[in-house]
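Below: the structure, in structure tokens.
Residue numbers (the numbering used here): 2 to 91.
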């Protein structure tokens, strides 16, 4: 586990696309903000534990049918139905 210290207004970036910012510290509670692409599921850990006993949930990242790592057809870069990118005028 990586442990970092951050002050209010400071951030951590994961994989270049997920931004976690410290918004406020109020007593023993820390308010954070998370910016991530729409295909990234963000869930509080205690809800995962609750949902695990009720019913399994799948997100696009864990669903084998929509995960580009397990289904090449779900990856636009390898999907033959996706037209090639066109050069942009300068």
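Every residue gets a Cβ at the ideal spot worked out from N, C-alpha and C, and that includes glycine.
For residue 3, name the three-state secondary structure that DSSP assigns. Note: residue 3 maps to coil in three-state DSSP.
Can you give me the start and stop residues for the beta strand (DSSP E) that residue 25 sits inside? 19–27
With hydrogens ignored, establish whether the beta-carbon of residue 36 is closer than 8 Å to any heavy atom of the ligand ADP. Questions concerning the ligand ADP fall outside what the structure shown contains, since it holds no ligand whatsoever.
Would you identify the three-state DSSP class for residue 50, choosing helix, strand or coil? helix
What whole-angstrom Cβ distance do residue 7 and residue 23 have, given they're in contact under 8 Å? 5 Å
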